Amino acid sequence: VLKKLADDMLETMRKAYGVGLAAPQVGVPLRLAIIEIPEEEPLIMVNPEVTDQKGERNVTEGCLSYPGYRGETIRSEMVKVKAVDLNGEKIRIKGDGLLAQALEHEIDHLNGILYTERLVDKDSLHKIEMIPEPDQREI
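When you number the sequence shown by the numbering used here, it's gap-free, plus one each residue, and the end is 378.
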């Protein structure tokens, strides 16, 4: 059941040119999140938790829950996450850059937090032209 859900979520995310998607975004109340950084294998996480984070950086962030909008948030430079994969195996992930940002963003979804609640300044939220390019994918 989780494998089918993860496959469906990957398909949905790719069609929307996203980088990540959490199960609650598709109406499923499970702690399941997927991330697919361009040129990397998809990362599928059950019950992910941030175990460590270092540094801060300002980033422009978007979300498939708010298509066509971006805003400035502060995310960690590096995060470590523990989770379980679809086979029930414990996994540990260390990410920086876009991966760290996506990990924090998707885990926020699982904790009921939207990126709009983390905006540096509410005025930083702005409409963008939707361009389905790999570097324009939403988190």
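C-beta atoms are modelled at their ideal positions from N, C-alpha and C, and glycine is treated no differently. Please read all numbers here as calculations on a predicted model, not as lab measurements.
Inter-residue spacing [alpha-carbon to alpha-carbon] between K319 and K366:
32 Å
6 Å CB neighbourhood of R331 in its chain, flanking five on each side removed
Cβ neighbours of R331 beyond the five flanking positions: K321.
Please specify which runs of the beta strand (DSSP E), each continuous and at least 3 residues long, are wholly inside the stretch 254 to 285, giving them in chain order.
Runs of the beta strand (DSSP E) inside the stretch 254 to 285: 259 to 261, 271 to 274.
Which residue from M317, I273, L325, L338 puts its Cα closest to that of L349?
That would be I273, whose Cα lies nearest to the Cα of L349.
Output yes or no for whether 9 Å exceeds the beta carbon distance between L325 and L241.
yes
Output yes or no for whether 9 Å exceeds the beta carbon distance between L303 and Q340.
no
Is Y354 closer than 9 Å to G310 when the C-beta atoms are compared?
Yes. Within cutoff.
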